[in-house]
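Numbers 932 to 1181, taken from this note's numbering, label the letters of the sequence shown in order. Shown next, in structure tokens, is the structure this report addresses.
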Amino acid sequence: KELPDHYRPWMEIANRLPHLIGSHQLRAQVNEMPLLNCQFLTGYREQRLAHLVLTFITMGYVWQDGEAQPKENVLIVWIYICKVLPRTLALPLVEVSRNLGLPPILLHSDLVLANWATRNPGRKNPGFVSYFVIRDVHIYYLIYGAKEGVNLNTSSKITVPRSFLSTHSENIGAANYKNLDPIFLFPGGESLRGFILVTVLVEKAAVPGIKALVQAVNAVLLPSPDSLLQALQQLRISIQDITRALGQMH
């Protein structure tokens, strides 16, 4: 949840975003922010947190006055949306994004997957949820920033690394809406908090279902009817858990 002390100006602004945006003071604060060197960010987690911080500040900076303008006249709204970032924000954002291989914008992985903490200080909190993307004929998954690909083809069984089979989602334990908090927020109060945290719980509930999909594909390739049935049953349970998690959205 914290970057090294060198980056305190970033953290102080990010921790006050709802107030600074609501009072229209954010741009003034960012314009006075010093240009900080990214060389003191060590490891993936600090780089990822820096991306989270800088993209949150960027979105607030760009849209600070957007919603305050008359909604019936879009042209008027665009006049008040900032189109140029100060170099003290733009330069470190681009550098961190390039190091991570991410675009310099707020992503789902920022807003949700890397943006939660448990309220229980005694529980180990990784701050990240494993998440998965299925695209074309590859399964790609990101676990704490480690990207690995598994080729799917009809001639061989899929070999899934042990890291994939580990239940990373257990790091959130018996997480629920009441024992989690977002790390950073925009104005939006409980509605935004709910959107972020319920989405975290949906991602957690989806993990066993994604594993079941891999098992199902392997079962078809073998073939193994018993393994396929087991995978489909697990997939059904995962979908039910996702539905229950979505029921907390309000």
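Cβ atoms here follow ideal geometry from the backbone N, Cα and C, with glycine treated the same way.
Taking just the CA atoms, how far does L951 sit from D1172? 37 Å
Expressed to the nearest angstrom, what Euclidean distance is found between the alpha-carbon atoms of D1041 and Q1165? 29 Å
Work out the CA separation of L1044 and Y1212 for me, nearest whole Å. Residue 1212 lies beyond the residue range present for the chain, which begins at 932 and ends at 1181; the question has no answer from this structure.
Does the stretch 976 to 989 come close enough to the stretch 1153 to 1163 that 3 or more CB-CB pairs lie under 8 Å? no
Report, in whole angstroms, the separation of the C-beta atoms of A1147 and S1169, which I expect to be a contact under 8 Å. That pair is no contact at about 12 Å.
For P965, collect the residues of the same chain with a Cβ closer than 8 Å to its Cβ; drop the 5 residues on either side in sequence, then sort them by chain order. P940 and T1019
Just curious, the beta strand (DSSP E) that A1147 is in, first and last residue? Run containing A1147: none in the beta strand (DSSP E); it sits in the alpha helix (DSSP H), G1120 to L1152.
Own chain partners of L1132 with C-beta closer than 6 Å, once the 5 adjacent residues on each side are dropped: A1176
Taking its Cβ as the centre, do 16 or more other Cβ atoms sit within 10 Å of A959, making it buried, or is it exposed? exposed
Between the Cα of L1116 and the Cα atoms of V1025, I944 and H937, which residue gives the shortest distance? I944
Using 8 Å for Cβ pairs, my map puts I1031 next to R979. What's the rounded Cβ distance? The residue you asked about is not Ile; residue 1031 is Leu in the sequence shown. Between R979 and L1031 the Cβ distance is about 7 Å, and since that is below 8 Å, they are a contact.
With C-beta atoms as the reference, is V1027 less than 8 Å away from C969? yes
Curious, which full-length alpha helix (DSSP H) runs of at least 4 residues does the stretch 942 to 976 contain? 948 to 953 and 957 to 962
Cutoff 7 Å; reference R1066; Cβ partners in own chain excluding five residues on either side: Interpretation of R1066 is limited by its pLDDT of 31, a score under 50 that renders its predicted location unreliable; no figure is taken from the coordinates.
Coarse secondary structure for P1156, derived from DSSP in three states: helix
Residue environment, N1046, which counts as buried when at least 16 other CB atoms sit within 10 Å: buried
Neighbourhood of A981 by C-beta, 8 Å cutoff - its chain only, sequence neighbours within 5 removed: L934, Y938, W941, C969, L972, P1023 and V1027
Where E963 falls, given that 16 or more other Cβ within 10 Å makes a residue buried: exposed
Look up A1045 in the DSSP assignment and say whether it is helix, strand or coil. coil
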